[in-house]
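To start, the structure itself, in structure tokens.
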Ligand SMILES: *Cc1c(COP(=O)(O)O)cnc(C)c1O
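Residue numbers (this note's numbering): 1081 to 1499.
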């Protein structure tokens, strides 16, 4: 199920007005849908003493969206200086921020320690010696290697650059304890866009077993386990959604049985990006050209520079042509942008209603890893972002890039070195 019926019902009847006011292309996000998903997530894990979602900022790094997350009581999962600053800009402080960075630099650490710090989630044992200010609360990112299989987007854990290996993990906590860290958590992220809830249940089980082992070995307790992001959404019609209730129920059982054995339960943290916002965004674009050669091409006024998932992973994004639901006349086309790259296609050999210049296409599930993965190749400029608010108003939440933005990095003081 791509975009929800509810979003469609609220958006499509007013889309003409929105496109004539704002022009195309743009991404538009659905506040109501995002809040609903947030509430569903909280409800699914309500049986756990302390549950918190740290929204993965990289999925949709827009302050307005981050404010919605804050409003729902969520924290922020950050991996870069810009993401830390965005989170703080909307009021995220201290333990509301999880800093999960890979190949971390000194500047990253300094930023993470600012403004009341953050939870440091260290990706490697050697980084311990490089942390400038040892925080009170720390976690390590665990990579189970051959003990688990990954999935397509993240790959096999033994080939993934993330985390601390199984044979190093106890030593990591031993060293952190020695260096004065008093409070501990653990993190892992093994899958991306995973639709099988059993996988997430297994990940929780794995971490609970691991913290029991580490606790027994080192006489420490764990405040949280963080099972990462990776909760999937069905991009293609007809695919079942992730069963979040079953996932919540089974993980809650694991927590209660942990409590039975150990006399306490840690908090459960997760860092969903895609699941929280993915289905609640669409890219709206206008057909501007048709071309019939060996295939038929429909050219639109957006390009993969504002949605690279199809070009990068061959990912499917469902497309509706406004006003053509159930059209009698259909044809098989490639929907393309204007970049000088043949993978600049939103759809390949897709059966769609017959499209003419001026038709509005709604490319779905762009609310996560859509605009955020944008780039400027070919001098392409990222489009604006809009929010359909809970009151049914449409708010500009990021302006479109302009040619002046593209030229901004050419504006600098001369600097010539003769080495
Ligand atoms: C990308 C990422 C996430 C979010 O992933 P989704 O697939 O969007 O849920 C969460 N945590 C970390 C560490 C990540 O790198």
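Note that beta-carbon positions come from the ideal geometry of N, C-alpha and C, so glycine has one too.
- Linking residue 1493 to residue 1484 through their CA atoms gives a straight-line distance of about 17 Å.
- With 16 or more other Cβ atoms inside 10 Å of its own Cβ, residue 1444 counts as buried.
- The set of residues whose C-beta lies within less than 7 Å of a heavy atom of ligand 1 reads, in chain order, 1136, 1138, 1139, 1157, 1159, 1180, 1269, 1272, 1273, 1308, 1309, 1310, 1311, 1351, 1352, 1353, 1354, 1355, 1448, 1449.
- Look at residue 1136 here: in three-state DSSP terms it is strand.
- Counting every other CB atom within 10 Å of its CB across the protein chains shown gives residue 1130 a total below 16, marking it as exposed.
- In this chain, the beta strand (DSSP E) harbouring residue 1266 covers 1263-1267.
- Residue 1413 has 1430 as its beta-bridge partners, per DSSP.
- Of all alpha-carbon atoms in 1221, 1457, 1134, 1463, the one lying nearest the alpha-carbon of residue 1173 is that of 1134.
- With respect to the 7 Å criterion, residue 1417 and residue 1383 are classified as neighbours on the basis of their beta carbons.
- Residues of the same chain with a CB within less than 7 Å of the CB of residue 1197, apart from the 5 flanking positions on each side, are 1174, 1215 in chain order.
- Rounded to whole angstroms, the separation of the alpha carbons of residue 1158 and residue 1347 is 19 Å.
- Secondary structure note for residue 1325: its alpha helix (DSSP H) is the uninterrupted segment 1324-1342.
- Counting only runs of 4+ residues, the alpha helix (DSSP H) found wholly inside the region 1147-1232 occupies 1161-1169, 1186-1193, in chain order.
- By alpha-carbon distance to residue 1169, the top candidate from 1147, 1463, 1219, 1449 is 1147.
- DSSP, read as helix, strand or coil, puts residue 1492 in coil.
- Excluding sequence positions up to five before and after residue 1325, its CB lies within less than 6 Å of the CB of 1124, all in the same chain and listed in chain order.
- Note on the region 1343-1408: whole alpha helix (DSSP H) runs with a minimum of 4 residues are 1354-1357, 1389-1393, in chain order.
- Comparing C-alpha distances from residue 1151 to each of 1119, 1163, 1422 shows the shortest one belongs to 1119.
- For residue 1291, there is no enclosing beta strand (DSSP E); the enclosing alpha helix (DSSP H) covers residues 1277-1298.
- Within the same chain, Cβ atoms closer than 7 Å to the Cβ of residue 1192 are found at 1164, 1179, 1198, 1200, the five residues on either side in sequence being excluded.
- Residue 1478 carries a strand assignment under DSSP once its states are collapsed to helix, strand and coil.
- Closest option to residue 1207, judged by alpha-carbon separation, among 1277, 1238, 1242, 1224: 1242.
- The residue among 1395, 1389, 1385, 1497 with its C-alpha nearest the C-alpha of residue 1458 is 1385.
- If you ignore the 5 residues before and after residue 1339, its C-beta comes within less than 6 Å of the C-beta of 1345, all in its own chain and listed in chain order.
- For residue 1110, the enclosing beta strand (DSSP E) covers residues 1106-1110.
- For the 7 Å CB-CB criterion, residue 1271 and residue 1225 do not form a contact.
- Under the DSSP assignment, residue 1091 falls in the alpha helix (DSSP H) whose first and last residues are 1085-1091.
- Out of 1194, 1182, 1283, 1249, the CA that lies nearest to the CA of residue 1240 is found in 1182.
- Here residue 1304 is buried. Its C-beta has 16 or more other C-beta atoms within 10 Å.
- Three or more Cβ pairs closer than 8 Å define a contact, and the region 1319-1334 falls short of that threshold against the region 1371-1378.
- Between residue 1308 and residue 1351, the gap from beta carbon to beta carbon is short of 7 Å.
- Residue pairing for residue 1464: DSSP places it in a beta bridge opposite 1106.
- In the three-state reduction of the DSSP assignment, residue 1245 falls in the strand class, which pools E and B.
- With a cutoff of 7 Å on beta-carbon distance, residue 1222 and residue 1184 are scored as not near each other.
- Contact between the region 1427-1442 and the region 1461-1473 is absent: fewer than three C-beta pairs spanning the two stretches fall below 8 Å.
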